[in-house]
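To start, the structure under review is shown below, and the notes come after it.
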Amino acid sequence: MIDAEGAEDATLRARLVQGVPVPAIRAFLDGTQRSQVIGWVGAFPLVYGTSAAVVRSRTERRLSTWDAPLVQHRVYVPLAYVLAHVARGDLERALGAMLEDTTRPALDGSIPAPHPTLLLERATLAVSRDRERLELALAERWCASRGEPIMIDGGIGASEAVAQSSCAVGVVKSHRTLYAEGDALAIVLALKKGERSSVIRVAPRGRSEVLSWYLRLRDAEGRDALWGLVRVEMCVRSRESISERADELSRWLLAESMPLAAPDPRWDRMAYGIRSAEEFLRATTN
Amino acid sequence: MTAPLGLVVATERTPNTPHQFQFWTAIDSPVGIGTIVRVDGRQPVDGHIPHAYGIVTEGFSYTDLASPLFDVLGHDGDPGQSAFAPTERAEVRLYSAAVLRHVPEEPLQPVPMGEVSLATEADVAIALRMDGYLRDDANTGIPIGLYRSGGMDSAIYLDAEFLVGPEAAHLNITGVSGLATKTSAVEWLMATLFAHFPKSKGSVAAVCFNVKGPDLCFLDQPAELEETDRAMYETLGVPCAPFQNVRYFAPFKADNVSLNTLRSNEELLGNVQPLTWGLKEVLQFAEVLLNRDDVDAKADALIDFIKERVLDREFEDRVLREKHRVRSFADLEGWFRDLLSGLEDQGSEHWRTHHVATIRKVRNRLSNISTRCAGLVTNDGHTSDLPWGDFADRAVYVVDVALAEEDAQDLIFARVVSKLREHLEKRDLGVSHVVVFVDELNKYAPADGPETYVRKMLLDIAERGRYLGLVLFSAQQFRSQVHRRVVGNAGTALYGRMDGDELATPGYAVLSAATRTKLATLSKGQLMVRHPHFTQPIFVSFPRPAVMRGRDGVERFPQAADVPRDVGVLRQLRRFDPSLTLAWVQDVIGLHEDEDVLRALHATLAHAPDNVGAYFKSQFRKIIRATPAPAPARTPLRVLPDDDPYAI
Numbered sequence: 001m002i003d004a005e006g007a008e009d010a011t012l013r014a015r016l017v018q019g020v021p022v023p024a025i026r027a028f029l030d031g032t033q034r035s036q037v038i039g040w041v042g043a044f045p046l047v048y049g050t051s052a053a054v055v056r057s058r059t060e061r062r063l064s065t066w067d068a069p070l071v072q073h074r075v076y077v078p079l080a081y082v083l084a085h086v087a088r089g090d091l092e093r094a095l096g097a098m099l100e101d102t103t104r105p106a107l108d109g110s111i112p113a114p115h116p117t118l119l120l121e122r123a124t125l126a127v128s129r130d131r132e133r134l135e136l137a138l139a140e141r142w143c144a145s146r147g148e149p150i151m152i153d154g155g156i157g158a159s160e161a162v163a164q165s166s167c168a169v170g171v172v173k174s175h176r177t178l179y180a181e182g183d184a185l186a187i188v189l190a191l192k193k194g195e196r197s198s199v200i201r202v203a204p205r206g207r208s209e210v211l212s213w214y215l216r217l218r219d220a221e222g223r224d225a226l227w228g229l230v231r232v233e234m235c236v237r238s239r240e241s242i243s244e245r246a247d248e249l250s251r252w253l254l255a256e257s258m259p260l261a262a263p264d265p266r267w268d269r270m271a272y273g274i275r276s277a278e279e280f281l282r283a284t285t286n
Numbered sequence: 287m288t289a290p291l292g293l294v295v296a297t298e299r300t301p302n303t304p305h306q307f308q309f310w311t312a313i314d315s316p317v318g319i320g321t322i323v324r325v326d327g328r329q330p331v332d333g334h335i336p337h338a339y340g341i342v343t344e345g346f347s348y349t350d351l352a353s354p355l356f357d358v359l360g361h362d363g364d365p366g367q368s369a370f371a372p373t374e375r376a377e378v379r380l381y382s383a384a385v386l387r388h389v390p391e392e393p394l395q396p397v398p399m400g401e402v403s404l405a406t407e408a409d410v411a412i413a414l415r416m417d418g419y420l421r422d423d424a425n426t427g428i429p430i431g432l433y434r435s436g437g438m439d440s441a442i443y444l445d446a447e448f449l450v451g452p453e454a455a456h457l458n459i460t461g462v463s464g465l466a467t468k469t470s471a472v473e474w475l476m477a478t479l480f481a482h483f484p485k486s487k488g489s490v491a492a493v494c495f496n497v498k499g500p501d502l503c504f505l506d507q508p509a510e511l512e513e514t515d516r517a518m519y520e521t522l523g524v525p526c527a528p529f530q531n532v533r534y535f536a537p538f539k540a541d542n543v544s545l546n547t548l549r550s551n552e553e554l555l556g557n558v559q560p561l562t563w564g565l566k567e568v569l570q571f572a573e574v575l576l577n578r579d580d581v582d583a584k585a586d587a588l589i590d591f592i593k594e595r596v597l598d599r600e601f602e603d604r605v606l607r608e609k610h611r612v613r614s615f616a617d618l619e620g621w622f623r624d625l626l627s628g629l630e631d632q633g634s635e636h637w638r639t640h641h642v643a644t645i646r647k648v649r650n651r652l653s654n655i656s657t658r659c660a661g662l663v664t665n666d667g668h669t670s671d672l673p674w675g676d677f678a679d680r681a682v683y684v685v686d687v688a689l690a691e692e693d694a695q696d697l698i699f700a701r702v703v704s705k706l707r708e709h710l711e712k713r714d715l716g717v718s719h720v721v722v723f724v725d726e727l728n729k730y731a732p733a734d735g736p737e738t739y740v741r742k743m744l745l746d747i748a749e750r751g752r753y754l755g756l757v758l759f760s761a762q763q764f765r766s767q768v769h770r771r772v773v774g775n776a777g778t779a780l781y782g783r784m785d786g787d788e789l790a791t792p793g794y795a796v797l798s799a800a801t802r803t804k805l806a807t808l809s810k811g812q813l814m815v816r817h818p819h820f821t822q823p824i825f826v827s828f829p830r831p832a833v834m835r836g837r838d839g840v841e842r843f844p845q846a847a848d849v850p851r852d853v854g855v856l857r858q859l860r861r862f863d864p865s866l867t868l869a870w871v872q873d874v875i876g877l878h879e880d881e882d883v884l885r886a887l888h889a890t891l892a893h894a895p896d897n898v899g900a901y902f903k904s905q906f907r908k909i910i911r912a913t914p915a916p917a918p919a920r921t922p923l924r925v926l927p928d929d930d931p932y933a934i
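Chains A and C, in that order, give the protein sequences. Residue numbers are given in our numbering: position 24 of the first sequence equals residue 24, and the series is strictly consecutive. Here our numbering runs 286 ahead of the position in the second sequence, where the first position is 1.
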């Protein structure tokens, strides 16, 4: 296991989720981001980014928007280089609070190189960070005020408050980082529908520690090994035993395999509520 | 103003136009096909916020699924699993609406983006342009029913000037049989017309042809109504009561004493009058009964000659043995017999340019009429007719031809309508407007087939009647099979539940698929209404008529059985004098020929004298009862001696 240690079993193994799927999730949280180059100052890009997050709560099987969605529009400007061409005052007058500097010095005082592609990537990264910030803000608000089970698209470790909240269930659909290798990885990839891996404790750098496990939502036979596979995160403070809690949350997630989140291409791993949040933001932030 | 229930939505692919727009609503909104909605624009035009009124003509519903296959996969092919889905899929309710009216009407622009709300009662009046004829100072509204939506009832009014004339006129009802649509609707319409036709517009009466069953036979008898019906009557301001002034007319059966109608129960005979015509009345409409094969130009000329020169005149000719005054079919037969006999005696084949063969042919055809129309046409020339010149305001005159032969039906229709037209032209009918109701228009004015006299008359009413105050209310099962000019001239059209095949005909192509579907599933008491003021068809509910249904009527008042001549005569006379008895009638008519009895009966009915019995009796010539002659005294040829020894 990579950056992880077993929290349930000494060695990672496959476990059949006990009990029948039960829908208990009350809300779904997701965010979206969109960015586009709106101009160039010399060789340097000006990027317009929109990031947003929303909670779709479920009442009597119908989804509706909880509270107000958070939407943020920013213009991401590499100020360190642009100021040579445009006066700061003019930029501030034109962009006001939307102005966001993508060349803020690092802790060591260095600023990014004046490479247009690099600056473009930094702008996109900044939009992504803003989106994550909005998601966490909403998640914290939900956990503080409602405290009912909420499925969050992605990990929950970026916020200490959320990572410690028993109502938050993070569902990671992408597997760029796998928390298993060797035999453990083989076990994860061989999980069958309705099976989960042993719970592990993960603490990536800069994020809070959470408990996590892999769960196979759909039968992957004849498909790639990651088909229907998600990684679940929950807080480490749980009153029940880890196994019982992991099974309970797994049952909740298995219950969300209907209705299908199609036509989203990630429908094998995506809950319909998460798709609903994305669709809501796509419709309202265009 | 009601809370918004939808929002107008337009895209490049489905833009709004001045006559159509789309809007979406919540899943549980009370919008449906036929709902009237109001759109409030957001941006003022020429200083005015534009409003548009529309009626929903189509509805769409879809989810975020790109393909049904995803749903199948999502449920693992098992529909039963849908119950386990914790979330309902997002669903859209999208509606198309046709514009009823823009306010302001100029400049005419596409429907603006804006909130959509259910039309209030006031909105409905504006949307349907009823505000133009429901003014306090000039109210010509005739309530047709209630528009219902979102728990609100709005009375829908037709404009009397476009229903009865002179702006437009006539009404046509289409609907499948057996759902009480057509007859019920026309009964309700007559009730509401009589209740609301403005006095300032004149007077109105109705002449209804009962062409099938007992449909219109009990218009003066009350129905058993439900509370909801009574409430509708109250809302629409129409008395919940049967017609107060109804008169029935029916020909006799072939026996000439029993009325040929399902309304022959003795309890109801008080306002039932025989419909009988003599030669004079029939000859004017010989064309109705004689087809082109019967009457060529030569025969036509002779018939004209008889009408102009012979009928009801002293007529003498050197060929004839005696003077003739032809007033009846019997007289006419005598005239023909005399004429043909005279020609035979003279060995002549021509008389006044008419060939003897033509004379024989016309004799044959005309004589045949009294046989074909037995019960309607009298041999003795007696006439019992509608009260021409004495029609009463808000009265219904039902001419029951349901049991009459087809020829007789045609003759009755042609003559009654012609007389109505004639009197309305002269303004001496007694009322200024007459509604003529004809059912089974498929039969009387078919779209194809030979040109008949009846069809010509219907076309004439449809095209010119409104100038005279002669209004046609017609009904049929298949509108597509009726002559286009008859239905096309009907300013107002009502549609009950329709047959799917009929809805597939081109005449209904202007309706949306959803509207056609709604028409195919309308329940009793619902109609779709087209009226000149309404730019789109409107759905309304109307109450059950306050008159007894035909089938209830025949159960409660069974048809009188065929009776002997004396009983038939008694029934007719007792309408005027209930004290008459069968024994008295038998005593009066016992020795007389049928012909004499009928003549006496017809004369009595025609004069309706104060002393019916005496008048009836006076019509018979005195017949001295024969007394047997006393037997002649027998005289023996020979008296035998008492003591004749050979007598044994």
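Ideal placement from N, C-alpha and C gives every residue a C-beta, glycine not left out.
Chain C within 8 Å of residue i, Cβ atoms only
{"i": "A186 (chain A)", "result": "no"}
{"i": "L119 (chain A)", "result": "no"}
{"i": "R61 (chain A)", "result": "yes"}
{"i": "A255 (chain A)", "result": "yes"}
{"i": "V17 (chain A)", "result": "no"}
Buried or exposed by the 16-neighbour rule on C-beta atoms within 10 Å, applied to residue i
{"i": "P304 (chain C)", "result": "exposed"}
{"i": "S809 (chain C)", "result": "exposed"}
{"i": "R387 (chain C)", "result": "buried"}
{"i": "K468 (chain C)", "result": "buried"}
{"i": "R638 (chain C)", "result": "exposed"}
{"i": "H85 (chain A)", "result": "exposed"}
{"i": "L12 (chain A)", "result": "buried"}
Beta carbon proximity, residue i to chain A, threshold 8 Å
{"i": "F346 (chain C)", "result": "no"}
{"i": "E374 (chain C)", "result": "yes"}
{"i": "F370 (chain C)", "result": "yes"}
{"i": "A352 (chain C)", "result": "yes"}
{"i": "F356 (chain C)", "result": "yes"}
{"i": "G360 (chain C)", "result": "yes"}
Backbone CA spacing between residue i and residue j [nearest angstrom]
{"i": "V162 (chain A)", "j": "I156 (chain A)", "result": "6 Å"}
{"i": "W66 (chain A)", "j": "R129 (chain A)", "result": "22 Å"}
{"i": "L359 (chain C)", "j": "E248 (chain A)", "result": "25 Å"}
{"i": "V462 (chain C)", "j": "G774 (chain C)", "result": "20 Å"}
{"i": "G49 (chain A)", "j": "S35 (chain A)", "result": "4 Å"}
{"i": "Q329 (chain C)", "j": "G292 (chain C)", "result": "18 Å"}
{"i": "A288 (chain A)", "j": "R131 (chain A)", "result": "Look at the range of chain A in this structure, 1 to 286, and you will see that residue 288 (chain A) is not part of it."}
{"i": "D423 (chain C)", "j": "D417 (chain C)", "result": "12 Å"}
{"i": "P390 (chain C)", "j": "A413 (chain C)", "result": "12 Å"}
{"i": "V724 (chain C)", "j": "N496 (chain C)", "result": "8 Å"}
{"i": "A585 (chain C)", "j": "S544 (chain C)", "result": "35 Å"}
Residue i - containing beta strand (DSSP E), residue span
{"i": "F495 (chain C)", "result": "490-496"}
{"i": "E233 (chain A)", "result": "229-234"}
{"i": "N458 (chain C)", "result": "457-460"}
{"i": "T50 (chain A)", "result": "44-59"}
Residue range of the alpha helix (DSSP H) that includes residue i
{"i": "D90 (chain A)", "result": "88-95"}
{"i": "S653 (chain C)", "result": "642-658"}
- Task: Note down, in chain order, all residues in the stretch 257-284 of chain A with a beta-carbon under 7 Å from any beta-carbon belonging to chain C.
- Result: M258, P259, L260, A262, P263, Y272, G273, S276, E279
Review point. Listed from N- to C-terminal order along the chain, which residues in the stretch 22-43 of chain A have their beta-carbon within a distance smaller than 7 Å of any beta-carbon of chain C?
Key: P23
query: Which residues, in order along the stretch 47-59 of chain A, keep a beta-carbon less than 7 Å from a beta-carbon of chain C?
result: R58
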